[in-house]
Amino acid sequence: MTAFRDFPEITHRVDGAAIDAYAELSGDFNPLHVDPDYAAAGPFGTVVAHGPVGLQTVFAAAVRWLGGDRLATGTRIDVAYRGPVRIGDEVTCRADEVLDHAGSLAVRVTAVNQHGDDVLQALVIVPRDAVPRA
Amino acid sequence: MHGVPRLSSTRYEDLAPGQRWGPFTEVLAQDTSDRLRGEVGVPEAGRWAPPGVLPLLSLRVLRRALEGIPPGGILMRQRFSVVEPLPAAGEVTIDVRVTDQRRRPGGLATTFSFAFTREDAVCAVVDWTIRAPGDGSAPGG
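Residue numbers (our numbering), protein chains in the order written: chain A, 1 to 134; chain B, 1001 to 1141.
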């Protein structure tokens, strides 16, 4: 099989500023994300990031993998959220498996926090000819 | 988005498959694209919109459609399909509809589908599945 560029491992540290920035950009000031007193009584017991904040690791890795500054036409990403991202968490995404099938590369990706707890799992499917060779 | 409340008075149990809203025009700013290329909020310059704008604009539109975010929901799943590249700055039109709703062991799961259109051509489709614990009417965040 032709060797393709490796899917990179990327870590982001999620601090309060990142959550506030996402709230500002999205307009989503849901108190679960921005109000510690409110969030203390919620399902996670503390403020948690908007889901896509942790997903940024996967997006950044996929874009870096492909080169340029965007995803290739025909890219599909399916994300299952497994656990919350709390203030101070370090989220790391890495490829578990790369499958080459029917003209596409499919990468199984897991993102975990600094304790090894799953944050999300994703399947990134990209047309094979969009992936640079190693 | 000014004037849109933080939390919607709509509950997930009030929604049903087939409901639709829009089209909504969203203006994507270069600065917004640049702050979603790496760690959230840390700007990096680029010509094209990064994938992070897809959930972000979907969230903005969901807030506009439902006049806030219904309380009590937890994001369970998202699916992204990229059809055409989106410039880092410019206008995009987004339609949203409820495509599925079913009761699962953990609560009521509602799926929204967002169709992104630019210059009369679909450029991306995003699906969200949100689970509301209990029967979908729970207050909270």
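Ideal Cβ positions, reconstructed from N, Cα and C, are used throughout, including at glycine.
Residue i - partner residues in DSSP beta bridges
i: A:Cys93; result: A:Ile10 and A:Ala111
i: A:Trp65; result: Per DSSP, none; premise fails for A:Trp65.
i: A:Val20; result: Looking at the sequence itself, residue 20 of chain A is Asp, so the reference to Val does not match. In the DSSP output, where bridge partners are listed per residue, A:Asp20 has none listed.
i: B:Ser1033; result: Bridge partners of B:Ser1033: none, in fact.
i: A:His50; result: DSSP output for A:His50 lists no bridge partner at all.
i: A:Ile87; result: DSSP, once it has assigned bridges, lists no residue as partnering A:Ile87.
Enclosing alpha helix (DSSP H) for residue i [first to last residue]
i: B:Arg1060; result: Val1053 to Leu1066
i: B:Asp1014; result: Taken as a continuous stretch (DSSP letters only), B:Asp1014 belongs to no alpha helix (DSSP H), as it is neither H nor E.
i: B:Glu1091; result: Segment Gly1090 to Arg1104 is the beta strand (DSSP E) holding B:Glu1091; no alpha helix (DSSP H) there.
i: B:Ala1115; result: Premise fails: B:Ala1115 lies in the beta strand (DSSP E), Gly1107 to Arg1118, not in any alpha helix (DSSP H).
i: A:Pro31; result: Pro31 to Val34
Any chain B beta carbon closer than 8 Å to residue i
i: A:His115; result: no
i: A:Glu9; result: no
i: A:Val98; result: no
i: A:Val109; result: no
i: A:Thr46; result: no
i: A:His101; result: no
i: A:Leu55; result: yes
i: A:Ala130; result: no
i: A:Gly83; result: no
i: A:Pro43; result: yes
7 Å Cβ cut-off: residues of chain A touching residue i
i: B:Ser1081; result: Arg76
Own chain partners of residue i with C-beta closer than 6 Å, once the 5 adjacent residues on each side are dropped
i: B:Arg1079; result: Asp1127
i: B:Arg1097; result: Arg1020 and Ser1113
i: A:Val131; result: Phe4 and Leu105
i: A:Tyr22; result: His50 and Val53
i: A:Thr75; result: Val126
i: B:Glu1091; result: Thr1025 and Val1027
i: B:Cys1123; result: Val1083, Glu1084, Leu1086 and Phe1116
i: A:Ile10; result: Thr57, Ala60, Ala61 and Cys93
i: B:Thr1010; result: Leu1066 and Pro1070
Cross-chain neighbours of residue i in chain A, by beta carbon under 8 Å
i: B:Leu1028; result: Correct list: empty, because the minimum Cβ distance to chain A is about 11 Å.
i: B:Ala1000; result: What is shown of chain B runs 1001 to 1141, which leaves residue 1000 of chain B out entirely.
i: B:Gly1106; result: Within chain A, no residue comes near B:Gly1106; the closest Cβ sits about 11 Å away, beyond 8 Å.
Sequence-distant residues of the same chain with beta carbon closer than 8 Å to residue i, five excluded per side
i: B:Ala1029; result: Ala1089
i: A:Arg133; result: Thr2, Ala3, Phe4 and Arg5
Same chain, Cβ closer than 7 Å to residue i, five either side skipped, listed in chain order
i: B:Ala1138; result: Per-residue confidence for B:Ala1138 stands at a pLDDT of 48, beneath the threshold of 50, marking its modelled position as unreliable; no derived number is given.
i: A:Gly88; result: Asp15
i: B:Gly1003; result: none
i: B:Gly1140; result: In this predicted model, B:Gly1140 has a pLDDT of only 35, less than 50, meaning its place in the structure is not dependable; the value taken from the coordinates is given anyway. Excluding sequence neighbours, B:Gly1140 sits near Pro1071 and Gly1072.
i: A:Leu71; result: Ala62 and Val63
i: B:Gly1107; result: Arg1131, Ala1132, Pro1133, Gly1134 and Gly1136
Chain B contact residues for residue i, given Cβ-Cβ distances below 8 Å
i: A:Gly27; result: Met1001, Val1004, Leu1059, Arg1060 and Arg1063
i: A:Thr73; result: Val1082, Val1083, Glu1084 and Pro1085
Partners in chain B for residue i, counting only beta-carbon separations shorter than 9 Å
i: A:Leu105; result: Residues of chain B passing the Cβ test: none, with the nearest at roughly 15 Å.
i: A:Ala18; result: Glu1039, Val1040, Gly1041 and Val1042
i: A:Gly88; result: The premise fails here: A:Gly88 is roughly 14 Å from chain B at the closest Cβ pair, so nothing lies under 9 Å.
Residue i beta carbon near the ligand PLP (any heavy atom closer than 7 Å)
i: B:Cys1123; result: Absent from the structure shown: the ligand PLP. Ligands present: none.
Contact with chain A by residue i, beta-carbon distance below 8 Å
i: B:Arg1035; result: yes
i: B:Leu1056; result: yes
i: B:Ala1089; result: no
i: B:Thr1025; result: no
i: B:Ile1069; result: yes
i: B:Val1077; result: It is worth fixing the name first, because residue 1077 of chain B is Arg in this sequence and not Val. With 8 Å as the cut-off, B:Arg1077 counts as an interface residue toward chain A.
i: B:Pro1085; result: yes
i: B:Leu1007; result: yes
i: B:Ile1074; result: yes
i: B:Thr1117; result: no
i: B:Gly1134; result: no
i: B:Thr1032; result: yes
Span of the beta strand (DSSP E), counted from its first residue to its last, around residue i
i: B:Thr1025; result: Arg1020 to Leu1028
i: A:Pro127; result: Asp118 to Pro127
i: B:Phe1080; result: Ile1074 to Val1082
i: A:Arg76; result: Arg76 to Tyr81
i: B:Asp1127; result: Ala1121 to Ala1132
Partner residues on chain A for residue i, Cβ-Cβ distance less than 9 Å
i: B:Gly1018; result: Under the 9 Å cutoff, chain A gives no residues; its nearest Cβ is about 23 Å from B:Gly1018.
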